[in-house]
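One structure is given below, encoded as structure tokens.
Numbering (the UniProt record's numbering), first residue to last: 1 to 197.
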């Protein structure tokens with residue numbers, strides 16, 4: 001199933017446009033972990049499964065280009081993750097879009113396979129051992145593009161509501177915790193260093 005989706009066209013969309021208020025505004029994309037910036041580590045982890053990588057980002061766009069990544073800024077200001085999904089869907093030219101927040105600590109092996117195998121017509125979202133992970137999701141791009149435009153027009157910014165409207169399946173990986181880099185404690189626990197531009 002995952003192979004069929006990959007052959008049919010799959011883009012990885014990394015969400016890196018947040019303001020990271022709990023981290024004093026640090027750009028999570030460029031936090032160093034395992035000797036690599038987060039955005040490059042995640043892009044490389046899934047490079048074999050996707051045709052192209054897009055990054056939803058609202059600052060330092062030239063920096064992404066210098067690393068061979070296409071950065072797309074939000075088209076609607078202050079919409080949160082829905083704004084990022086809108087930008088990614090607009091830029092995606094493949095029928096499927098796999099999204100991941102750039103602050104994910106671990107990408108489990110078989111993630112794409114699990115989402116692809118458990119998907120409904122418009123895709124699937126992940127539920128790991130910590131709880132729902134709505135931004136770790138496989139989306140049918142055309143359906144997402146239409147649904148997110150409707151949500152933005154109605155000022156409905158909840159991702160879970162968007163996914164419910166699309167009828168997306170929930171795929172459970174109960175023994176897995178992806179983790180998130182949200183606080184200074186999270187950074188310390190994951191061995192993250194901050195890379196200066």
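Quick reminder that beta carbons are idealized off the backbone N, C-alpha and C, glycines included.
No experiment lies behind these values; they were computed from the predicted model shown.
Problem - For residue 171 and residue 10, the rounded distance between their alpha carbons - result: Taking the first residue of the chain shown as 1, we reach residue 10 at position 10. Taking the first residue of the chain shown as 1, we reach residue 171 at position 171. Those two C-alpha atoms are separated by around 19 Å.
Exercise for the section: Under 6 Å Cβ to Cβ from residue 197, same chain only, skipping five residues before and after it: list those, please. Expected result: On the chain shown, residue 197 is found 197 positions in, with the first residue counted as 1. Legend: pLDDT at residue 197 = 44, less than 50; position of this residue unreliable, no value from coordinates given.
Practice task
Kindly indicate which residue of 86, 124, 60 and 70 has the alpha-carbon position closest to the one of residue 26.
Solution key: One-based indexing of the chain shown puts residue 26 at position 26. Nearest C-alpha to residue 26: 60.
Handout entry: Residue from 28, 168 and 49 with nearest C-alpha to residue 119
Key = In the chain shown, counting from the first residue as 1, residue 119 sits at position 119. The residue with the shortest Cα to Cα distance from residue 119 is 168.
Handout entry: Beta-carbon proximity list for residue 12, same chain, < 6 Å, skipping 5 on both sides
Key = For the purposes of this step, residue 12 is identified with residue 12 of the chain shown, where counting begins at 1. Here the set comprises 46, 50, 53 and 98.
Practice task
Taking 8 Å as the threshold, find out whether the region 78–86 comes into contact with the region 152–161 through three or more Cβ pairs.
Solution key: yes
Handout entry: 7 Å Cβ shell around residue 114 - same chain, five flanking residues per side excluded
Key = Stepping through the chain shown from its first residue, residue 114 is reached at position 114. Around residue 114: 171 and 173.
Exercise for the section: Assign residue 140 to buried or exposed, taking buried as 16 or more other Cβ atoms, counted over all protein chains shown, within 10 Å of its Cβ. Expected result: Indexing the chain shown from 1 puts residue 140 at position 140. Buried.
Handout entry: N-terminal and C-terminal residue of the alpha helix (DSSP H) that residue 13 is part of
Key = As a working note, residue 13 is residue 13 in the chain shown. From DSSP, residue 13 is part of no alpha helix (DSSP H) but of the beta strand (DSSP E) over 10–15.
Problem - Pairwise C-alpha distance: residue 65 and residue 195 - result: Here residue 195 refers to the residue found at position 195 when the chain shown is read from its first residue. Here residue 65 refers to the residue found at position 65 when the chain shown is read from its first residue. Caution is warranted here: a pLDDT of 49 is assigned to residue 195, below 50, making its placement in the model unreliable, and the coordinate value is therefore given only provisionally. Cα to Cα, residue 195 sits roughly 17 Å from residue 65.
Handout entry: Among 144, 105, 134 and 124, nearest to residue 38 - alpha-carbon criterion
Key = Locating residue 38 in the chain shown gives position 38, counting from the first residue. Cα-wise, what sits closest to residue 38 is 105.
Handout entry: 7 Å Cβ cutoff met for residue 17 and residue 103
Key = Numbered from 1 along the chain shown, position 17 holds the residue referred to as residue 17. Numbered from 1 along the chain shown, position 103 holds the residue referred to as residue 103. Result no, Cβ atoms of residue 17 and residue 103 do not sit closer than 7 Å.
Handout entry: Which listed residue (132, 137, 55 and 44) has its alpha carbon closest to that of residue 91
Key = One-based indexing of the chain shown puts residue 91 at position 91. The option with the nearest alpha carbon to residue 91 is 55.
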